[in-house]
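2 protein chains.
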Amino acid sequence: MDPRHAVLFEPIQIGPKTLPNRFYQVPHASGFGVEKPHTQAAFRAIKAEGGWGGVCVDYTSISLECEEAPAVSALFWDDADAQALGITAEAVHAHGGLAGIELFHGGAHSENGQSRAIRVAPTQYRSHPIWGGLAKEMDADDISRIQREWVEAAVRARDVGFDIIYVYGAHGYLLSQFFSTYLNQRTDTYGGSLENRGRFWIETLEAVRAAVGADCAIATRIPVNGRDGLPGIETDDMLQLISIASPLVDLFDVNVGVWPEDSGTSRYYPEGHERPWTDRVREATDKPVVGVGRYTSADLMAEIVSTRALDIIGAARPAIADPFLPTKIREGRLDEIRECTGSNVCIAREETYNHVACIQNATAGEEYRRGWHPELFTKAANADRAVLVVGAGPAGLECAVILGKRGFDAVHLVDAAPEIGGRLRWVRTLPTLGDWGRVTDYRAIQLDKLDNVEFIPGRRFTAADVLDYGAQIVIVATGSSWRGDGVQPEHDDIEGASLAHVMTPEQVVLEGKRPAPGSVVVYDADGYYVGPGIAELLAGEGYDAHLVTPFGVVSPQSDASLEGDFLRQHLHNRGVTAHRGVTLTRVAESGVTGFDEFGEAWSLPCTGVVLVTQQQSEDTLYRELLADPLALEAAGVEAVYAIGDAVAPRPISEAVFDGHRLAREIDSEDPMRPTPYQRERISL
Amino acid sequence: MDPRHAVLFEPIQIGPKTLPNRFYQVPHASGFGVEKPHTQAAFRAIKAEGGWGGVCVDYTSISLECEEAPAVSALFWDDADAQALGITAEAVHAHGGLAGIELFHGGAHSENGQSRAIRVAPTQYRSHPIWGGLAKEMDADDISRIQREWVEAAVRARDVGFDIIYVYGAHGYLLSQFFSTYLNQRTDTYGGSLENRGRFWIETLEAVRAAVGADCAIATRIPVNGRDGLPGIETDDMLQLISIASPLVDLFDVNVGVWPEDSGTSRYYPEGHERPWTDRVREATDKPVVGVGRYTSADLMAEIVSTRALDIIGAARPAIADPFLPTKIREGRLDEIRECTGSNVCIAREETYNHVACIQNATAGEEYRRGWHPELFTKAANADRAVLVVGAGPAGLECAVILGKRGFDAVHLVDAAPEIGGRLRWVRTLPTLGDWGRVTDYRAIQLDKLDNVEFIPGRRFTAADVLDYGAQIVIVATGSSWRGDGVQPEHDDIEGASLAHVMTPEQVVLEGKRPAPGSVVVYDADGYYVGPGIAELLAGEGYDAHLVTPFGVVSPQSDASLEGDFLRQHLHNRGVTAHRGVTLTRVAESGVTGFDEFGEAWSLPCTGVVLVTQQQSEDTLYRELLADPLALEAAGVEAVYAIGDAVAPRPISEAVFDGHRLAREIDSEDPMRPTPYQRERISL
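The listed protein sequences correspond, in order, to chains A and B.
Quick note, the first sequence lines up with residues 1 to 684 if you use the working numbering.
Quick note, the second sequence lines up with residues 1001 to 1684 if you use the working numbering.
Given below as structure tokens:
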């Protein structure tokens, strides 16, 4: 270990508990809740195994009137729920970690899709509307009842082994709603002055501390406003609340604002972007403070802890991307850290009501159901076979690396390009997308370290080349490309797509093709990052850039990753003009024509058009190989597989997952068919 | 029974099985899948008890590469899944019904959020994109494998007791994808001619029939195109396919198009709107045919069956709204049918990934978890108490009716208005919303039948009136109203909201208030039906109507109920101009001002403004009563409860649910707090 990083491995006392080091996986949603208790336990335990001294479960509801369906929050309504989450506490303990539980009441923000319960809020007026429905204004009985429920949940949590018990107030939930001058319009002792608005929070802390404070560390999660905080909450006020709460709290878990500022993506927020606010918490308390900021740099973490800006490095996304980040720092293997890209695939999964997944770490969420460990690999039964992987994009790279780790004698990874990366070679050069390159960079280092995996650049393999090569197993990972004919979902080709001033994203970014100066139309029927990226690129070069999209909003997929509002404002600020609800059907020399959302004619003059409509698999090699089984046999090729976009163009995270899966199951009965995964079942 | 309806109760042979009558609950999603097997069983069994001769479960996936997470389709991947769904078959049999299972492969439309499996399609080109990801083009192995999986699932289904086994091809899923000239671009024997495009469907039918046809009825669900069918599918072609399939099929389950045409709402589709297409199926086959059309009229159903336009009346939504619809027809109690409103609350719940619910039937989905039966009620322990329900809107009406059914000696329902209905009095008069009035109409008839419930119109009760009245239990159901001050979610009041040309929805519809002739702005910060309804009303009266909304789309909540696209087109056709992404902050005599999605100034001149921003509870009476416990005691009032919008403004379905719940739990320990419901748990 680099001695500069030793400070990160000093234990620290939090109330009656000792955190073994300064690494802390803050509470975050997983999609497992109490519905998948063993999956939850395995997902959290791997972080304790990887060196995170504190590991927390999901936000955990204390009250029947608060749940997040269709999203999955953990429920903690009765002893059966407590037993279900207790196995996570036990699993974390087995690796020497402290287990935390974020007891939670969403107030007006509770979705209540399962319970159909009426939401509660400090004030009905301005309460967060869900499906047009507002909340009940809490009366005195509601306040004391919720505090009682919090205590009951805390006792349950202690009894099943949790070490750190939260009074969760961040992210705009009930305690913050009370503290907000905007959302709390009460005229009783719980509204008005700062003390009054903080009263519910402080009383809850007192009650929970009185009940379990002797046995457990009491944590509170608290937002220090930030750039886009909850309306009616100011940083100075929060610092004052922290100061008042300080004697009652063993651990302050701090962040800024609400989503999407907290959990901001790398496109719009750098590592440590929360520091201007969270660093100020020290003004208000001398108690241990944990904070987040998508930290993956050991030097920065050590500096933060050394200066006591924070006492503990919190992480959600970096711990998903690399559960073994602390161990790797401790062992001086900094180059092996699988750094979070800040692409928010994890959050996009949650926002679309699916369980956690990661663009960098294919094993995230698969610890129980597929039995995958992020760092341990079994030797493949067919490791003596020579493997040729054709294509070094996300799928091929991941597959080759994992095959290397599974102990194959020889894995050759080839690519037509002079370097690895596949589509990421150009995607990472688009404005704001640089950190996505970490998908490539991590694997480049792994390739360097694996003696049994060799990368051969600059060779475009034909079927004949493959047959000649001498490998017994061939894996085709030739990726995909953007169609040039304008074929788009649910509509026909675009007439005139073959004109000279019409181009694909690859032509623009990789080949440097450009329209004549003037107005350029980027037609985005894809709806994620490519269209906006190209539009911003061209706007930056002086084009009058128009992003035309058939969707009702620009880049709808960016909403799931919490980027939508930023992206649209960002494009606007960069001078990109958006046209929504427009389907293009024809390109002419002078411009484009199509129809609007009501089917009426629409047109725009322009000097060039970039078509971001649909991708197509580059699967010629795969098809040619499969077409001649006799040739394969003659060449000694025992198996040909395809992975990633060569099978079906999908997001980068899915290509990585697919490459990983094939490598994990390369010695299964039929590697092209995923092995059934383990599901948790209701007892009949 | 009316003898004209006797035809509906004639048994009919479907293959080796006898359907006991002509009522058939077609397969539809419930949100229960195999994750909640007991909830599923209870939800389906109640329909068999209510007289539906055939009852089907959810769409049920046959393959690991097809699942609908985050939506819940049933899975049928192994024997444990089969056991889980088998209890539904058993429960349906217990009431003399036949149990059907819709075996399903979604192909390119499979969401695969849980499995992360690669989707398959006849052709990658134009395959349905999900998260920008396309599907794998199926090879010959995929085709034979999926047919094998279908057979394996069919055998499993037979073995756990299902009577009717589907080869499900409707709603744009895999079999339809193969049949579509647009989606299927194959050049092998599964693409090209009608016979080729139908080959996969026919072969699958043959294989399933060979495996289980001697024991089970073989059904196929097939779309007959319609107005907005899947691209590349024509009615005449489908009729030809039906004709080819006819010898292999025991039951054709037919519908039109894809969502949102199938399951079209009452706002835009009348009862029986599918008939122009589905009536033609008889041209192609003499086998039994079941079809849907939101049928609730016994006369129409009898006419359809008598003429053999269809042999069997299918229903999803009408069976959710009234599981006892067949029994009520059989017993001649037509006026007691709880008619589906066609509001698609059930589908909005599904589209937002929640389990089924119903605006008319509060017990839908609650049969297992709360033990609620739609037609049976226990006598309340406190039935000797006199009850006063103040307010005859959706919540108060439902509560009074259910209290009546629970055997209370005397329930008095009072309202300030001259008639029952509450907010529905004016909502049902808005353009396209007439069928929502069935919520009121059903309950009006129930009130007539219940001797122990009395409605007293035209009395606005003060607290003093309540205290004088002599009831021991008081239930406040005084509803909500639209704010006149322009307070809106996440933004402040609107300056100038008190000007004379600014009005609320109630003022427009109930009081007939109108702006001066010219341009009117309807400001919709609510996002569902009220804003568009008012805008259409005023446009119809000759105003130049502008719908201004802060949302990125007009009426985002209508997307969940499958109405969004229709609603926006409809408003456009009616001359309403939409302005999206605009927040209003100020009204002046001459017009409105605010800011657009990028925070830039926005304005529009107008002669009048209708504010549809936010509702507020009308809870003065409730607060006054609670404020004086001594007065309550002196008056002999033992309990005061509030329900519905008086507690928290919410959608009509939730108000009905709330009124129902209180009546069900009126004799619980604390009726204002919902009793915990039963959850199905993972065994630890």
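Positions of the beta carbon are idealized from the N, C-alpha and C atoms, including for glycine.
DSSP-derived helix/strand/coil call for residue i
i         : result
B:Asp1523 : Asp is not the amino acid found at residue 1523 of chain B; the sequence shown has Tyr there. Note: B:Tyr1523 maps to strand in three-state DSSP.
A:Lys36   : coil
B:Arg1221 : strand
B:Asp943  : With chain B running from 1001 to 1684 in the structure shown, residue 943 of chain B is simply not present.
A:Arg349  : helix
B:Pro1605 : strand
B:Asp1658 : helix
B:Ala1648 : coil
B:Gln1488 : strand
A:Ser243  : helix
Beta carbon proximity, residue i to chain B, threshold 9 angstroms
i        : result
A:Ser263 : no
A:Tyr125 : yes
A:Asn361 : no
A:His171 : no
A:Ser498 : no
A:Arg25  : Checking the sequence, you will find Gln at residue 25 of chain A rather than Arg. Cβ-Cβ to chain B under 9 angstroms: no for A:Gln25.
A:Glu669 : no
A:Leu617 : One detail in the question is off: residue 617 of chain A reads as Ser in this sequence, not Leu. Cβ-Cβ to chain B under 9 angstroms: yes for A:Ser617.
Proximity test, Cβ basis, 9 angstroms: residue i and chain A
i         : result
B:Tyr1528 : yes
B:Arg1148 : no
B:Leu1626 : yes
B:Arg1423 : no
B:Glu1137 : yes
Chain A contact residues for residue i, given Cβ-Cβ distances below 9 angstroms
i         : result
B:Glu1597 : Asp565, Arg568, Gln569, His572
Residue i: contacting residues in chain B (beta-carbon distance under 9 angstroms)
i        : result
A:Val737 : As displayed, chain A neither begins before 1 nor continues past 684, which places residue 737 of chain A out of reach and without an answer.
A:Glu654 : Arg1116, Ile1118, Trp1131, Gly1133
A:Gln83  : Leu1684
Neighbouring residues, chain B, relative to residue i (Cβ below 7 angstroms)
i        : result
A:Glu490 : Pro1231
A:Tyr353 : Pro1070, Tyr1353
A:Leu64  : Pro1674, Pro1676
A:Pro649 : Gly1133, Leu1134
Same chain, Cβ closer than 7 angstroms to residue i, neighbours up to 5 away in sequence not counted
i         : result
A:Gly591  : Ser603, Leu604, Pro605, Cys606
B:Pro1326 : Asn1021, Phe1023, Gly1050, Gly1051, Trp1052
B:Phe1461 : Val1390, Val1414, Leu1621
A:Thr189  : Asn196, Arg199
B:Ala1321 : Arg1338, Glu1339, Cys1340, Cys1358, Gln1360, Asn1361
Close beta carbons around residue i, own chain, < 6 angstroms, minus the five adjacent residues each side
i         : result
A:Leu251  : Ile14, Ala217, Ala219, Pro288
A:His171  : Val258
B:Lys1328 : Glu1336, Ile1337
A:Asp81   : Val34, Leu75
Neighbourhood of residue i by C-beta distance below 8 angstroms, restricted to the same chain and skipping five residues each side
i        : result
A:Pro318 : Arg294, Tyr295, Thr296, Leu325, Glu339, Cys340
Partners in chain A for residue i, counting only beta-carbon separations shorter than 7 angstroms
i         : result
B:Ile1164 : Within 7 angstroms Cβ-Cβ: nothing; B:Ile1164 doesn't reach chain A, min ~23 angstroms.
Neighbour list for residue i in chain A, Cβ cutoff strictly below 8 angstroms
i         : result
B:Ile1087 : Leu684
Chain B contact residues for residue i, given Cβ-Cβ distances below 8 angstroms
i       : result
A:Trp77 : Pro1676
With a cut-off of 8 angstroms, do at least 3 Cβ pairs link the segment 1389-1401 of chain B to the segment 1073-1084 of chain B? Contact between the segment 1389-1401 of chain B and the segment 1073-1084 of chain B is not established, with fewer than three Cβ pairs separated by less than 8 angstroms.
Can we say the segment 95-113 of chain A touches the segment 10-24 of chain A, given the rule of at least three CB pairs closer than 8 angstroms? Enough Cβ pairs lie closer than 8 angstroms, so yes.
With three or more C-beta pairs closer than 8 angstroms as the rule, is the segment 380-395 of chain A touching the segment 660-667 of chain A? Cβ pair count under 8 angstroms is three or more, so yes.
Would you check if there are 3 or more beta carbon pairs closer than 8 angstroms linking the segment 553-561 of chain A to the segment 612-623 of chain A? Too few Cβ pairs lie closer than 8 angstroms, so no.
Does the segment 339-351 of chain A come close enough to the segment 56-64 of chain A that 3 or more CB-CB pairs lie under 8 angstroms? Contact fails: fewer than three Cβ-Cβ distances are below 8 angstroms.
Three Cβ pairs or more, each shorter than 8 angstroms: is that satisfied between the segment 576-595 of chain A and the segment 480-492 of chain A? Yes: at least three Cβ pairs fall under 8 angstroms.
Counting Cβ pairs closer than 8 angstroms, one from the segment 1493-1510 of chain B and one from the segment 102-112 of chain A, do we hit at least three? Taking a contact to require three or more Cβ pairs closer than 8 angstroms, the segment 1493-1510 of chain B and the segment 102-112 of chain A do not qualify as touching.
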